[in-house]
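Note that the sequence shown covers residues 1 to 1215 in full-length UniProt numbering.
Note that the Cβ used here is the ideal one computed from N, Cα and C, for glycine as well.
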Amino acid sequence: MDFTYERGTLEVSNIFTHISANVLIFHSFVSLSQCLSQPLSVYVQDTAGALEEVYNEILDLALDLTVKKVGCDGTKPHFEAIGDFFNSIEPKNVKGKGKLFEGLITKFIHLLDHVKDETYLTLTFAKPVMEECLSPAMGKNGKMKSLPTSYLPQYSSHVKELFQLLSNFTLPDWLTDTEREECYEYHNNTVEHLLQGFETAKLVGEITGDMVHRALDIMESRNPELFAAGKEIANKISFNIKKDKALIMETVRRITAALADDSYGWNGEGDYWKLNGLTIDLFAKAMDCVKAFTWEEYDELIALVKFCQEADPIHPETGSAGSVTYILLCQAGFKVIAWLKTMNEIQRAAPLVPGVLDMLTSYDDNVRSIASAMMTIISLSGDLFAPYIDRVIKMFLDTEDSSLLTSVLYSYEYNPQPLAEHFQALFNYLDSGDSSVRSNMLQLIQKVAKHQPDLFTKDNMVALMKEAREDAGNQIQLLMTMEEITKKRSDKITPHLNELMNLSLWQPLSLSFINRILQFYALKLEGNNEAGIPEIMNCMIKQVETYDDKTATLAALNAMRLIGYKHRAAIEKHRSRIEKIKEETKDGDYRILCGQILDMLDGRSVDKIVDDLKALQVEVADIDIRVNDNEKVVTEVKDTVKRQGQDIDIVKKDVAGQGQRLDQVEETVEDTVIKVEEIDGKTLSHAPFWSRDVAKLLNPEAEHDWRLLSSRLGYSNDDIRSWAQQHDPCMAMLNEWYATHKTREATFAVLTALQAMSRLDAAVIVENAMKNAEAVVEDEEFEYTKPPDIFLSYQWGHQSEVRLLRQHLEMAGYSCWMDVGQMGGGDKLFEKIDSGIRGAKVVISCVTEKYAKSPNCNREVNLSVSLGKPIIPLLMEKTTWPPPGSMGPIFSEYLFVRFFQRDKEQTTDQRYWPLDKFQELLMQLSMNGVTPDEAAVQPEYKNWWIPKIEEVTVDKNRSKKGETQSAPVAAATSDKVSASPDVFISYQWGRQPQIVKLYRSLTALGYTCWLDIMQMGGGDSLYDKIDRGLRGCRVVLSCVTPKYALSANCRREVSLADALHKPIVPLLLETTSWPPPGPMGPILTQLLYIDCTGDPSLQEKWQGSKFDEIVAKIDQHINPLTTSVVQSQVNPQVKDPRPKDATAAPPDREGVKGKGENQSQDHFGKNDNNNVARTVSETSLSSKNGHEGHNESYNRGAMPRMAQVKTTSGCCVIS
């Protein structure tokens, strides 16, 4: 037995033990070459039970054959013999064998990965393995499906080359038809599977340009055999709107050129439906990027849409709408028109109007439906259909399509004359059963009544009156139509006058329109006794005396006043009735109008006119004298004029020539002015284009004009005075605002201020501009490379202390942002600070007296609050809390951490803070979701959260006389209080008219009141003024409404008042739950409110028992000592209601607020032991508020100490 073949890992003889029971026959061959010269299937016919092992072993043998050369004849014939073996396998023997597939697919992939000579793969081997063995065995196994494309990601750099090979596919001419058909089929299948692989491997984006060009080339080749491949390519194309703009326009232009070429055989028989599909799919992908086109490119698209309109929409085979041009029209038409409407450029769609009208005449319902929808969008412009209004009216009368009538409605005012011919035919549709047609007709006849009232005949007027009486839903609109007719043709109303004055026929809401019709009718009449005037007066005075509807009554009184100027005698008859109404009515509006009518009757309103006429008569007499003197001079001048007439004729000729030149110069000047205005709008202002529209609304002097907007944006009175000297003050202010702020943030601030001022007319302009800007470019998410955990906000005078704080925070594992060390050369300071705050999770404010006054620090705090960033205030030195100035209203909601040392708290190193306060800071960071980097934590701070045990002994017998009490905060600002008002009025701007009346009522009683719109000034910012007003006042009136409870500014005012322990008197102005929901609840819940909702007139007049109760409350807090003395005299047992320790501030509370307690600059005393028990209870209260409160500004945290109270003789021990 001559057998010398050896394998590295598996004996070859093991293969043949599974091939045949007759092993000796196999080994009788001289060599392996001779053995494999016969098909292996001969040896496995009886081994069906061992197929899995045999197939695996044979593939191992095939791999070895590609590595080694055995025998003199080489190994390739033997490799093909193995392929023949797989080709002879019966599918039934391997079908659905999952284990066979799992093992064989692994071996096969391994062979493909490790074959060293790739020429083996061109032999008859791979195809039999996949088709005859792997495919039947796979069944539903998904591994087979991914096998052809599983290697593509490894060769991504060759994707373009691979696709280029497919693009260069051509066939020689000598092939037979059958061979050509078979080659095209292989080509199309290859394209399909390869593109599927590209898509799975996410490589399509690498060859988008090649795919587009290949698809267009196939379309232009007009080869039906390639259409299927082209359609497959078009389906896989995905344009990038930013990178592929030129490619998109090339696609549109080549498709446009192809559609114009009749030789393509569009809509032909056979496989040309695939050409349509290829073109439609490719065009649809381009239309998905319609927003990226320029206006010049849009004109090309509009030309393509127009071409599709003019083409036949009917497919020759189906006989219905479905041609390639019709489908392209559906894809492009709507998108182009809709985007033009969005960008306010619908005028560019004017070339499409005739085509839309032509499509409406099609017999196909789908074509008419598409045209109707396009017409509805274009009609909103109005003037586009104006030249075709006559044709549109005729089409409506033929089809009764409501969209056509909509076009007439919007186009009528631009071209009203053609409607006159068809008015009577259109009027008959007023009673149409189609609700949309009837609605459009009601609007149309109202416009006709305004512009062409002569078109209405007697029959039309009778029909209008009948419709108005019977159609209650449209009664007002029909009466408005008759009002327009009355203004120009009152004679058409005369036959219906009695019917109009029969008030029982009309709804109460319609009476004001009836009065206006009668008013215009009466003003057209001459003479007081002319028919109709007395009846009209009787009708109106009856309304005033009997009807309860205020709107109708006021309209009647106003009509009587206007008619009285022309027909005074007719109203004089009713003087006594008008005087009686004025005396008896309680309504102020009625009294004013009645007074005006009586003034008109008494002639008091025309006295000035009479005096002017007398003075004019004197002037006329003087002029008459001078005219007589001038007659002589005129005679002499006539002679001179005659002589000069000849000279003038000559001059006229010269002037005519100069006139032509002047006309040319005038045109040039007008063009220059327009261009200068355009340049001025583009280059001379930092503000956006819409700012001019806002300036036009805010420049006129009003209560809420540009001056209030300037104050809201933080500008001083000096700034406002400087802008007031300019031609356009509002524009000057906005120009400076945008020059010093980021455009996006500046726009948002202006919008917020306008909404708070209730200037919704200007706010709408800003909102629309912001919405239009959103469509210009897609938003891209911005990510910081490494956002800081903490932003350190400080004043540069304390830079060394903050450096040390940053060092210890980094030792505790937190990354910090601090401007020093992170500001690179040439960087912009504000941009760095902005990005630092936006990226940070928590902002630590190192508060000092200078910090509270620093403009830059104020900006950092305001930005942090606006972005909703958690703020942890560190009190770096002894100062009042909250700090005075613009930060006061903001920090009044926060609890500070005392970060300076007292006696006996000094450390042996450089740290200037108490050790437990740093632990409290770390706890606050933890509660705000900031986690340290464990790898960066130094040993000193590894276990900082472990509680420390501290023993404090308190002498319970110690006399309280030795206790020191802190002076209240108000003492620090006593000099400011003396010059401040008694009452601070806190309110939300939605109730401003009522609050102004309250302010006036209180000042009339002698109280000095603080109201923002009355006392703003002095050049300080808004928060500074609020802070000084609250610190100096004696009592705060909190005007509570639902909007008040949700207002951030109002919340700051209440929080600051509570922190300063100012008496708060809540006035409930609107019905709501008590305490009001939101952050104010914990503050207001302990207060008793005064209900001002019961009497509606209270908030208009501020009189009565409730107002007296308010005054009593104010007096109680303004003069508490006087009140207490009076009470003691009346009832000696009544004690002073104030707590004895009202002015005492417990030490070491760090901002915990309670009744009768206050924080001040003196509350950092040394007597900590005196109030330990009280401090423990208040710390619990602070913890409770921090867990249960809903205000995100309350940064309360649990203290890292644990206390246990135990009593010993004579003292209390806390450990």
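(request) Label Ser1047 either buried or exposed according to how many other C-beta atoms from any shown protein chain fall within 10 Å of its C-beta, with 16 as the threshold for buried. (result) As a working mapping, residue 1047 is identified with position 1047 in the sequence shown. Buried, by the Cβ-count rule.
(message) Which residue wins for smallest C-alpha separation from Ala350, given the options Tyr264, Ile377, Thr361 and Gln477?
(response) As a position in the sequence shown, residue 350 is number 350, starting the count at 1. Among Tyr264, Ile377, Thr361 and Gln477, the Cα nearest to that of Ala350 belongs to Ile377.
(message) Would Cys846 and Met876 be called neighbours here (beta carbons separated by less than 8 angstroms)?
(response) For this step, residue 846 is matched to residue 846 along the sequence shown. For this step, residue 876 is matched to residue 876 along the sequence shown. Contact flag set, yes.
(request) Return the first residue and the last residue of the beta strand (DSSP E) that Pro1066 is part of. (result) The residue given as residue 1066 occupies position 1066 in the sequence shown. Residues Ile1064 to Leu1068.
(message) Between which residues of its own chain and residue 1216 is the CB-CB distance below 6 angstroms, once the five residues before and five after are set aside?
(response) Any answer about residue 1216 is impossible in this case: the structure gives the chain only from 1 up to 1215.
(message) Less than 8 angstroms between the beta carbons of Phe896 and Trp913, yes or no?
(response) On the sequence shown, residue 896 is found 896 positions in, with the first residue counted as 1. On the sequence shown, residue 913 is found 913 positions in, with the first residue counted as 1. Against a cut-off of 8 angstroms, the Cβ pair of Trp913 and Phe896 comes out as no contact.
(request) Measuring alpha carbon to alpha carbon, tell me which of Asp718, Ile790, Gly868 and Pro873 ends up nearest Ala840. (result) As a working mapping, residue 840 is identified with position 840 in the sequence shown. Of the listed residues, the one whose Cα sits closest to Ala840 is Ile790.
(request) Compare the C-alpha of Met1080 against each of Asp262, Val1035 and Val1054 and name the closest. (result) Residue numbering aside, residue 1080 sits at position 1080 when the sequence shown is read from its first letter. Checking every option, the nearest Cα to that of Met1080 belongs to Val1054.
(request) Spatial neighbours of Leu697 within its chain, please: CB distance less than 7 angstroms, with the 5 preceding and 5 following residues excluded, ordered by chain position. (result) For the purposes of this step, residue 697 is taken as residue 697 along the sequence shown, with counting starting at 1. The answer, listed in chain order, is Asp761 and Ala762.
(message) Give me the residue from Glu192, Leu478 and Asp549 with the minimum Cα distance to Arg438.
(response) Within the sequence shown, residue 438 is the residue found at index 438, counting from 1. The shortest C-alpha separation from Arg438 is found at Leu478.
(message) Given this structure, state the Cα-to-Cα distance separating Asp59 from Thr190, to the nearest angstrom.
(response) Within the sequence shown, residue 59 is the residue found at index 59, counting from 1. Within the sequence shown, residue 190 is the residue found at index 190, counting from 1. Note that residue 59 is Leu in the sequence shown here, rather than Asp. If I take the Cα positions, the gap works out to 27 angstroms.
(message) Just to confirm, is the Cβ distance from Pro313 to Asp358 under 8 angstroms?
(response) The residue you call residue 313 lines up with position 313 of the sequence shown. The residue you call residue 358 lines up with position 358 of the sequence shown. Not a contact, by the Cβ cut-off of 8 angstroms.
(message) Taking its Cβ as the centre, do 16 or more other Cβ atoms sit within 10 Å of Pro1137, making it buried, or is it exposed?
(response) Translated into positions along the sequence shown, residue 1137 becomes position 1137. Interpretation of Pro1137 is limited by its pLDDT of 39, a score under 50 that renders its predicted location unreliable; no figure is taken from the coordinates.
(request) Can you grab the Cα-Cα spacing for the pair Ile89 / Lys97, in whole Å? (result) For this step, residue 89 is matched to residue 89 along the sequence shown. For this step, residue 97 is matched to residue 97 along the sequence shown. Distance between the alpha carbons of Ile89 and Lys97: 14 angstroms.
(message) Restricting to runs no shorter than 4 residues, where is the alpha helix (DSSP H) found entirely within the segment 351-437?
(response) 353-359, 365-379, 389-399, 402-411 and 423-427
(request) Evaluate Arg1149 with the Cβ neighbour count: other Cβ atoms within 10 Å of its Cβ, from every protein chain shown; 16 or more gives buried, anything less gives exposed. (result) Position 1149 of the sequence shown, counted from the start, is the residue given in the question as residue 1149. Note that Arg1149 scores 34 on pLDDT, short of 50, meaning its location in the model is unreliable; the coordinates nonetheless yield the value given after this. Classification for Arg1149: buried.
(request) Have a look at Ile1110, Gly1029 and Ala1057 and flag the residue whose alpha-carbon is nearest the alpha-carbon of Leu998. (result) Here the question's residue 998 lines up with position 998 in the sequence shown. Here the closest residue by C-alpha is Ile1110.
(request) Could you have a look at Ser504 and say whether DSSP puts it in helix, strand or coil? (result) In the sequence shown, residue 504 corresponds to position 504, counting from 1. It is helical.
(message) Within 10 Å of its beta-carbon, does Pro1066 have 16 or more other beta-carbons around it, so buried, or fewer, so exposed?
(response) Along the sequence shown, read from residue 1 onward, the residue named residue 1066 stands at position 1066. So Pro1066 counts as buried.
(request) Decide if the segment 449-462 is in contact with the segment 472-492; the criterion is three or more beta carbon pairs, one per stretch, under 8 angstroms apart. (result) yes
(message) Please return the same chain residues whose Cβ sits closer than 7 angstroms to the Cβ of Gln988, not counting the five positions on each side in sequence.
(response) Stepping through the sequence shown from its first residue, residue 988 is reached at position 988. Thr1041, Lys1043, Tyr1044, Ser1047 and Cys1050.
(request) Please list the segments of the alpha helix (DSSP H) lying wholly inside the segment 303-343, counting only runs of 4 or more residues, in order along the chain. (result) 324-342
(request) Can you say whether Val1035 is buried or exposed, counting buried as having 16 or more other CB atoms within 10 angstroms of its CB? (result) One-based indexing of the sequence shown puts residue 1035 at position 1035. Counting Cβ neighbours within 10 Å, Val1035 comes out buried, since at least 16 surround it.
(message) Using CA atoms only, rank isn't needed, just tell me which of Glu250, Glu57, Leu1056 and Val820 is closest to Gly1032.
(response) Stepping through the sequence shown from its first residue, residue 1032 is reached at position 1032. Cα-wise, what sits closest to Gly1032 is Leu1056.
(request) In angstroms with no decimal places, state the Cα-to-Cα distance between Lys76 and Phe293. (result) Counting from 1 along the sequence shown, the entry for residue 76 is found at position 76. Counting from 1 along the sequence shown, the entry for residue 293 is found at position 293. Distance between the alpha carbons of Lys76 and Phe293 is about 60 angstroms.
(request) Could you check if Ile625 is buried or exposed, using at least 16 other CB atoms within 10 Å of its CB as the buried criterion? (result) Numbered from its first residue, the sequence shown carries residue 625 at position 625. With fewer than 16 Cβ atoms within 10 Å of its Cβ, Ile625 is classed as exposed.
(request) In the DSSP assignment, find the alpha helix (DSSP H) that holds Pro77 and state where it starts and stops. (result) On the sequence shown, position 77 is the one that residue 77 refers to. Where Pro77 is concerned, the enclosing alpha helix (DSSP H) stretches over Lys76 to Asn87.
(message) So, at 6 angstroms on beta carbons, what are the nonlocal neighbours of Leu112 in its own chain, with the 5 sequence-adjacent residues on each side left out?
(response) Taking the first residue of the sequence shown as position 1, residue 112 is located at position 112. Nothing meets the Cβ criterion.
(request) Tell me whether Asp299 sits in a helix, a strand or coil according to DSSP, three-state version. (result) Position 299 of the sequence shown, counted from the first residue, corresponds to residue 299. In this structure, Asp299 counts as helix in the three-state DSSP scheme.
(request) Could you check if Gln660 is buried or exposed, using at least 16 other CB atoms within 10 Å of its CB as the buried criterion? (result) In the sequence shown, residue 660 corresponds to position 660, counting from 1. It is exposed - the Cβ of Gln660 has fewer than 16 other Cβ atoms within 10 Å.
(request) Please report the Cβ distance between Asp390 and Ser411, rounded to the nearest whole angstrom; I am assuming they are in contact, meaning their Cβ atoms lie under 8 angstroms. (result) Against the sequence shown, residue 390 aligns to sequence position 390. Against the sequence shown, residue 411 aligns to sequence position 411. Asp390 to Ser411, Cβ: 10 angstroms. No contact.
(message) Using a 10 Å radius around the Cβ and a threshold of 16 neighbouring Cβ atoms, would you call Tyr794 buried or exposed?
(response) Residue numbering aside, residue 794 sits at position 794 when the sequence shown is read from its first letter. So Tyr794 counts as buried.
(message) Rounded to the nearest angstrom, what separates Ser238 and Leu352 at their Cα positions?
(response) Mapped onto the sequence shown, residue 238 falls at position 238. Mapped onto the sequence shown, residue 352 falls at position 352. Going from the Cα of Ser238 to the Cα of Leu352 covers about 29 angstroms.
(message) Check for me: the beta strand (DSSP E) holding Phe791 runs from which residue to which?
(response) Within the sequence shown, numbered from 1, the residue matching residue 791 stands at position 791. Segment Ile790 to Ser793, the beta strand (DSSP E) holding Phe791.
(request) From the DSSP output, read off the bridge partner residues of Asp1091. (result) Along the sequence shown, read from residue 1 onward, the residue named residue 1091 stands at position 1091. Leu1068, per the DSSP bridge assignment.
(request) Measure the alpha-carbon distance for Leu867 versus Pro788 and round it to whole angstroms. (result) Reading the sequence shown from its first residue, position 867 is the one you call residue 867. Reading the sequence shown from its first residue, position 788 is the one you call residue 788. Between Leu867 and Pro788, the C-alpha separation is close to 15 angstroms.
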